[in-house]
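So the structure is just underneath, and the comments pick up after that.
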Amino acid sequence: MSSFFIKKKLVSSATNKGDLKRKSNTDDGKGRSKRFSKRMNEEISSDSENESADPGRKQQENEEDEIEETAQEKKLRLAKLYLDQLREEEDKKAEEESFEADLIAGRLQEDVLEQKGKLQRLIAKELKAPDPAEIRLLRGHKLPVTCLVITPDEKHIFSASKDCSIIKWDVESGKKVQKIAGGRKGTEDCHTAHILCMAISSDGKYLASGDMNKHIMIWDPETCKHLFKFTGHRGAISGLAFRRGTHTLYSASHDRSIKVWSVDENAYVETLFGHQDAITGLDCLSRERCVTTGGRDRTVRVWKIAEESQLVFHGHEGSIDCVQLINEEHMVTGGDDGAVSIWTVNKKKPLSSVKQAHGVRGSAGLEQPYWVSSVAALHNSDTVASGSHNSSVQLWKCGQGFRGLELLFSVPVNGFVNSLKFSNSGKFLVAGVGQEHRLGRWWRIKEAKNGLYIIPLKRQAKEQEVVQ
Numbered sequence: 001m002s003s004f005f006i007k008k009k010l011v012s013s014a015t016n017k018g019d020l021k022r023k024s025n026t027d028d029g030k031g032r033s034k035r036f037s038k039r040m041n042e043e044i045s046s047d048s049e050n051e052s053a054d055p056g057r058k059q060q061e062n063e064e065d066e067i068e069e070t071a072q073e074k075k076l077r078l079a080k081l082y083l084d085q086l087r088e089e090e091d092k093k094a095e096e097e098s099f100e101a102d103l104i105a106g107r108l109q110e111d112v113l114e115q116k117g118k119l120q121r122l123i124a125k126e127l128k129a130p131d132p133a134e135i136r137l138l139r140g141h142k143l144p145v146t147c148l149v150i151t152p153d154e155k156h157i158f159s160a161s162k163d164c165s166i167i168k169w170d171v172e173s174g175k176k177v178q179k180i181a182g183g184r185k186g187t188e189d190c191h192t193a194h195i196l197c198m199a200i201s202s203d204g205k206y207l208a209s210g211d212m213n214k215h216i217m218i219w220d221p222e223t224c225k226h227l228f229k230f231t232g233h234r235g236a237i238s239g240l241a242f243r244r245g246t247h248t249l250y251s252a253s254h255d256r257s258i259k260v261w262s263v264d265e266n267a268y269v270e271t272l273f274g275h276q277d278a279i280t281g282l283d284c285l286s287r288e289r290c291v292t293t294g295g296r297d298r299t300v301r302v303w304k305i306a307e308e309s310q311l312v313f314h315g316h317e318g319s320i321d322c323v324q325l326i327n328e329e330h331m332v333t334g335g336d337d338g339a340v341s342i343w344t345v346n347k348k349k350p351l352s353s354v355k356q357a358h359g360v361r362g363s364a365g366l367e368q369p370y371w372v373s374s375v376a377a378l379h380n381s382d383t384v385a386s387g388s389h390n391s392s393v394q395l396w397k398c399g400q401g402f403r404g405l406e407l408l409f410s411v412p413v414n415g416f417v418n419s420l421k422f423s424n425s426g427k428f429l430v431a432g433v434g435q436e437h438r439l440g441r442w443w444r445i446k447e448a449k450n451g452l453y454i455i456p457l458k459r460q461a462k463e464q465e466v467v468q
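Okay, so the sequence shown: first residue is 1 according to UniProt numbering, each after it adds one.
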């Protein structure tokens, strides 16, 4: 039985093989090519179907991935992302707060040093001599400019002259904004004599001007409207200064006295005596004190208002004509002996002095130094400036501890430099120039032009140093 089944299987397999051989022998070339092309078509169509099915497959795989992530795992993942974002924000905030804290600490330290009068920003070495082509001349006064002030926002300059007028200038455009003309004798709301000095409050609310007729006029700087006037001095008003942060006004006069006024209350406060000759200059900062120069009495005096006392300093060989505070404890002066001197309130003699700071004039054997007619200081820095009539404004670098003066550079300015002021930021210096000295007519420089010179002060890109 078993052999029967085996035989049958062998016979059937043999017949199948023979059939196949016959079929293959009977096929011609055309049939073979048709089958090959059909197979190729099937393969190509199969590939295209796979390609078209890819996006769907990817989407399905993504859905499967999402299905695989449980709701709890998704919450955990989102929570981690949120925490990472919060951590980044907190790190950034901490960096900013640390930077702000450093800035605040530095500012507080500077404020403390400033109050003590020991702050000195070392910027003189960064200053570059300006290009003469960049210096602007603003003309509008008929007679020599005697004094000027810069508004706290540095947008405007007020200048006054021997022609009894005050002009408000726009710093950016260099154009006149408004002019307060001088009046005839008997006029109540304007000057009728040479204006010798001006001051502006630190908030820019009040402008004060003083003239040779013993009057102090108070103006609104915004509108140039006359508000009121102070009278009481018995000589020409030669110096004015507002105490910083207040509306307390100090005035100095050729009557050898200093008076204190409250501008807010339109009131006189008190008078200070001590100088032996006409006072020629006055300045003050934040403390309740002021500094004055006494001209021919050759003294510099610091008036401590609250203590009702004064400090007296000697050092110049001639008349001391101008003074400016560098900080609460140091000041710079100039005189007709040609010297520029640096002082501290702790010593009776100058810390440093440069004689013949602007050179000498005259024939051999009869040389006389050029008078120093004005000085200016960039507050709480190591930079000061001086002016004369030798056709230049000179900038000086104070040594460490204000010991020593080194000439940085000279700026060409023709005429008597009767007034000098640095802007608060130190970006520019303004010189008030005339054909004559502000206090008299000892010489006259005909080729000079009455006006304002705006001198840009550019710095090299260096980090600013602060020393105590």
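Ideal Cβ placement from N, Cα and C applies to all residues, glycine included.
key: Extent of the continuous beta strand (DSSP E) run through residue 242   = Against the sequence shown, residue 242 aligns to sequence position 242. Element bounds for residue 242: 237-242.
ask   = Excluding the five sequence neighbours on either side, which residues of its own chain have a C-beta within less than 6 Å of the C-beta of residue 330, listed in chain order?
value = Translated into positions along the sequence shown, residue 330 becomes position 330. Around residue 330: 344 and 402.
request  = Compare the beta carbon distance of residue 127 and residue 405 with 8 Å and say whether it is the shorter of the two.
outcome  = Counted from its first residue, the sequence shown places residue 127 at position 127. Counted from its first residue, the sequence shown places residue 405 at position 405. Contact flag unset, no.
task = Run the CB neighbour count on residue 422, radius 10 Å, all protein chains shown included, and call it buried at 16 or more, exposed below.
result = Within the sequence shown, numbered from 1, the residue matching residue 422 stands at position 422. Classified as buried, residue 422 has 16 or more neighbouring CB atoms from the shown chains inside 10 Å of its CB.
ask   = Span of the beta strand (DSSP E) holding residue 385?
value = The residue labelled residue 385 in the question sits at position 385 within the sequence shown. Membership of residue 385 in the beta strand (DSSP E) is indicated by the continuous run 383-387.
ask   = What does DSSP give as the partner residues of residue 230 in its beta bridges?
value = Indexing the sequence shown from 1 puts residue 230 at position 230. In the DSSP secondary-structure assignment, residue 230 is bridged to 216.
inquiry  = Along the chain, where does the beta strand (DSSP E) containing residue 322 start, and where does it finish?
reply    = Within the sequence shown, numbered from 1, the residue matching residue 322 stands at position 322. Residues 320-325.
Touching by the beta-carbon criterion (3+ pairs, under 8 Å), the segment 362-379 and the segment 406-413 = No contact exists between the segment 362-379 and the segment 406-413.
message = Buried or exposed for residue 281, going by 16 or more other Cβ atoms inside 10 Å?
response = In the sequence shown, counting from the first residue as 1, residue 281 sits at position 281. Under the 10 Å beta carbon count, residue 281 is surrounded by 16 or more other beta carbons and is classified as buried.
Buried/exposed call for residue 250, threshold 16 Cβ in 10 Å = The residue you call residue 250 lines up with position 250 of the sequence shown. Taking a 10 Å sphere around the C-beta of residue 250, we find 16 or more other C-beta atoms and assign the residue as buried.
key: Test item: CB-CB of residue 371 and residue 399 under 8 Å   = Within the sequence shown, the letter at position 371 stands for residue 371. Within the sequence shown, the letter at position 399 stands for residue 399. Cβ atoms of residue 371 and residue 399: not closer than 8 Å.
request  = Quick one: measure Cβ to Cβ for residue 285 and residue 244, integer angstroms, because I've assumed they're closer than 8 Å.
outcome  = One-based indexing of the sequence shown puts residue 285 at position 285. One-based indexing of the sequence shown puts residue 244 at position 244. Sure, about 5 Å apart at Cβ, within 8 Å.
Residue burial classification, residue 340 (beta-carbon count within 10 angstroms, cutoff 16) = For this step, residue 340 is matched to residue 340 along the sequence shown. Residue environment for residue 340: buried (at least 16 other C-beta atoms within 10 angstroms of its C-beta).
message = Along the chain, where does the beta strand (DSSP E) containing residue 328 start, and where does it finish?
response = On the sequence shown, position 328 is the one that residue 328 refers to. Membership of residue 328 in any beta strand (DSSP E) is not indicated, and neither H nor E is assigned to it by DSSP.
request  = May I ask you to verify whether the segment 378-390 touches the segment 425-438, counting CB pairs closer than 8 Å and requiring at least 3?
outcome  = Yes: at least three Cβ pairs fall under 8 Å.
key: Alpha carbon of residue 368 to alpha carbon of residue 224, nearest angstrom   = Translated into the one-based positions of the sequence shown, residue 368 becomes position 368. Translated into the one-based positions of the sequence shown, residue 224 becomes position 224. Each residue's alpha carbon lies about 42 Å from the other.
ask   = Any idea what DSSP makes of residue 262, helix, strand or coil?
value = Translated into positions along the sequence shown, residue 262 becomes position 262. In the displayed model, residue 262 falls within a strand according to three-state DSSP.
query = Opposite residue 417 in the DSSP bridges: which residues?
reply = For the purposes of this step, residue 417 is taken as residue 417 along the sequence shown, with counting starting at 1. Paired residue(s): 433.
Reduced DSSP category for residue 250 - H, G, I as helix; E, B as strand; rest coil = Position 250 of the sequence shown holds residue 250. DSSP, reduced to helix, strand and coil, places residue 250 within a strand of the structure shown.
message = Here's a check: name, in chain order, each residue in its chain whose Cβ is nearer than 6 Å to the Cβ of residue 378, leaving out the five neighbours to either side.
response = For the purposes of this step, residue 378 is taken as the residue at position 378 of the sequence shown. Cβ neighbours of residue 378 beyond the five flanking positions: 422 and 426.
message = For residue 230, count the other beta carbons within 10 Å of its own beta carbon; 16 or more makes it buried, fewer makes it exposed. Which is it?
response = To locate residue 230, count along the sequence shown from 1; it is residue 230. Buried.
ask   = How is residue 18 classed by DSSP in three states: helix, strand or coil?
value = As a first step, residue 18 must be located in the sequence shown, where it is residue number 18. At residue 18 the pLDDT is 43, less than 50, meaning the model places this residue with poor confidence and gives no usable figure here.
ask   = Considering only residues of the same chain and omitting the five flanking positions on each side of residue 554, which have a CB-CB separation below 7 Å?
value = Residue 554 is absent from the structure shown; the chain starts at 1 and stops at 468.
query = Going along the chain, which residues of its own chain have a beta-carbon closer than 7 Å to the beta-carbon of residue 350, five neighbours each way excluded?
reply = Taking the first residue of the sequence shown as 1, we reach residue 350 at position 350. Closer than 7 Å at the Cβ level, and outside the excluded window around residue 350, lie 315, 341, 342 and 343.
query = What is the residue span of the beta strand (DSSP E) that residue 178 lies within?
reply = On the sequence shown, position 178 is the one that residue 178 refers to. Counting along the chain, the beta strand (DSSP E) containing residue 178 begins and ends at 176-180.
task = Determine the contact status of residue 232 and residue 221, defining contact as a CB-CB distance below 8 Å.
result = Counted from its first residue, the sequence shown places residue 232 at position 232. Counted from its first residue, the sequence shown places residue 221 at position 221. In this structure, residue 221 does not lie closer than 8 Å to residue 232 by Cβ.
message = Less than 8 Å between the C-beta atoms of residue 164 and residue 193, yes or no?
response = By 1-based counting over the sequence shown, the position of residue 164 is 164. By 1-based counting over the sequence shown, the position of residue 193 is 193. Going by beta carbons, residue 164 and residue 193 fall inside the 8 Å limit.
key: residue 283, DSSP secondary structure in three states   = Locating residue 283 in the sequence shown gives position 283, counting from the first residue. In the structure shown, the three-state DSSP call for residue 283 is strand.
task = Give, in chain order, every unbroken run of the alpha helix (DSSP H) that is at least 4 residues long and sits entirely within the UniProt repeat "WD" (138-179).
result = If we require 4 residues or more, the UniProt repeat "WD" (138-179) turns out to have no alpha helix (DSSP H) run fully inside it.
message = If the criterion is Cβ atoms closer than 8 Å, does the pair residue 389 and residue 359 meet it?
response = Working through the sequence shown from its first residue, we reach residue 389 at position 389. Working through the sequence shown from its first residue, we reach residue 359 at position 359. Residue 389 is not a Cβ neighbour of residue 359, given a cutoff of 8 Å.
request  = Tell me where the beta strand (DSSP E) around residue 304 begins and ends.
outcome  = Translated into positions along the sequence shown, residue 304 becomes position 304. Residues 299-304.
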